[in-house]
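Below is one structure; the comments refer to it alone.
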Amino acid sequence: MMVLCFLGRALPRVRHSHSSLGRQLCSASTNKPVLTLFTKKPCPLCDEAKEVLEPYKRRFILQEVDITLPENLAWYDKYKYDIPVFHLNGKFLMKHRVDVQKFEDRLRKLELQSQGNQ
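Numbering (our numbering), first residue to last: 909 to 1026.
Here's what the structure looks like:
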């Protein structure tokens, strides 16, 4: 699994064997929502989706899960015909293509909740 923490600057990709570890490392210091991308190589639709999400990258943490890795067999079985698949903070959000309106709405809702909890 690859974890990319978008914090307004370029960061190296960090490999973690457990998805929750990567999410905890990034979100603990930022309080940003975690967008999980279930992917595999090659995945042109995944590359396209990441380009669409580029303008929002400072507002979330992107966690990439390679479904072809042995530890991700359950995700492979579930999503092998559907990538890219996105979860936002652990909940299914969308698949195949980015629904920008749906993404913006859910992201804004999470940001407002986070502000209310501070």
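In this text, a Cβ means the ideal position worked out from N, Cα and C, and glycines have one as well. In this text the structure is predicted, and so the values were computed from the model without any measurement.
Three-state secondary structure (DSSP) at residue i?
i    : result
K999 : strand
F946 : strand
L859 : Given a span of 909 to 1026 for the chain in the structure shown, any question on residue 859 remains unanswerable.
P941 : coil
D974 : strand
For residue i versus residue j, is the C-beta distance shorter than 7 Å?
i    : j     : result
A957 : V1008 : no
L945 : E962  : no
L996 : P950  : no
Y984 : I975  : yes
Applying the 10 Å Cβ sphere with the 16-neighbour rule, what's the burial state of residue i?
i     : result
V993  : buried
P952  : exposed
L1015 : buried
F1000 : exposed
L943  : buried
L970  : buried
List the endpoints of the continuous beta strand (DSSP E) containing residue i.
i     : result
E1019 : Note, E1019: premise wrong, no beta strand (DSSP E); alpha helix (DSSP H) at V1008 to G1024.
Can you name the residues that DSSP bridges to residue i?
i    : result
I991 : Answer is none; I991 lacks a bridge partner.
Output the boundary residues of the alpha helix (DSSP H) element that contains residue i.
i    : result
E962 : Per DSSP, E962 belongs to no alpha helix (DSSP H) and is neither H nor E.
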